[in-house]
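What follows is a single structure, written as structure tokens, with notes after it.
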Amino acid sequence: MRIASAKGALLRSAWGNAVGIMDQEGLSAESAYHEHHESRIQRSATISIQFPGATPQAGIESALSALNTSAVIDRRYSFYAAASNSKAAAFSLVEIVLALGVAAFCLIAIVGLMPVGVQTNRNATSQTAATNIMAAIVADLRTTPAVATTSPQFAITFGTDKTLYFDASGQASTSLGTDSRYRLNITWNSAPTGLNYAVLRVTWPAPIDPVTTTPSGAVKIFAAFDRS
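Each residue of the sequence shown is one higher than the one before, starting from 1396 at the first, in this note's numbering.
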């Protein structure tokens, strides 16, 4: 904004153009004239000239004050927003304790189920091995010629109960050894001439007698053999 102020125009008298030409009376009159006009100029009101489209000084100051206030508000809002986000992203002590409790419960449940899973896997493996042993026994009895009374592989006599012990590799023995894992009991039932019925039962561990003590696992099948 450009403001021009004027306090009037001073009119100087053109009395003399050189020093020493004016007399004393002329100098006094000129001095009195200047003093009179200077006093009128000092008493005259200041004229303020404002160009069209210019913003008043008060408006500019008001706008600057508003900008400063807005900047302060923005800074305060940013601070409170950051503090609010920080609080929202944090976990309370109650939430942490609850999460730890749930995690501990799940961990205890998993640890408690591990022995059950191991035992189930062991039983499944033992059942598979026992099934393979019985399949081998049945195959040996079925391949025995009708004129023979004893099987060629495991030396099982038809009509006579027998107990065999097997290790982890499937090797049979008539006596209990340190590496024996499975016990096979063969029981024969009476049948018409030319037909033999046998009950095969495999139990484990081998040292446990299924007649007196319940074993950890057992597999039992019934088989018939035509000897005619």
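Each residue gets a CB set at the ideal place from its N, CA and C atoms; glycine is no exception. Given the structure is predicted, the values throughout are model-derived calculations rather than measurements.
Three-state class that DSSP yields for residue i in the structure shown
i, result
"ILE1616", "strand"
"ASP1621", "strand"
"ALA1525", "helix"
"LEU1595", "strand"
"PHE1549", "coil"
"LEU1559", "strand"
"ARG1576", "coil"
"ILE1603", "coil"
"ALA1485", "coil"
"ALA1567", "strand"
"THR1337", "Residue 1337 is absent from the model: the chain starts at 1396 and stops at 1623."
"THR1520", "helix"
Identity of the residue in the options nearest residue i by Cα
i, options, result
"SER1521", "ALA1618, GLY1612 and ILE1616", "GLY1612"
"PHE1553", "LEU1595, ALA1504 and PRO1600", "LEU1595"
"SER1585", "ALA1618, ALA1550 and ALA1504", "ALA1618"
"THR1598", "ALA1550, ASN1516, SER1546 and MET1529", "MET1529"
"ALA1593", "ILE1532, VAL1542, PHE1486 and CYS1501", "ILE1532"
Distance, residue j Cα to residue i Cα
i, j, result
"SER1623", "ASN1591", "10 Å"
"THR1544", "SER1568", "20 Å"
"ASP1535", "ILE1616", "15 Å"
"PHE1561", "PHE1620", "23 Å"
"ILE1603", "THR1526", "19 Å"
"GLN1548", "SER1564", "16 Å"
"SER1570", "ARG1576", "12 Å"
"GLY1572", "ALA1504", "39 Å"
"GLN1514", "VAL1506", "14 Å"
"VAL1497", "ARG1517", "31 Å"
"VAL1606", "LEU1495", "50 Å"
"PRO1540", "GLN1566", "23 Å"
6 Å Cβ shell around residue i - same chain, five flanking residues per side excluded
i, result
"LEU1508", "none"
Contact set for residue i: own chain, Cβ-Cβ below 8 Å, skip 5 residues either direction
i, result
"THR1589", "Residue identity check: residue 1589 is Gly in the sequence provided, not Thr. Around GLY1589: ASP1621, ARG1622 and SER1623."
For the 8 Å Cβ check, are there 3 or more pairs between the stretch 1603-1619 and the stretch 1505-1523?
yes
Quick check: the stretch 1577-1587 against the stretch 1550-1568, are there 3 or more CB pairs under 8 Å?
Yes, they touch.
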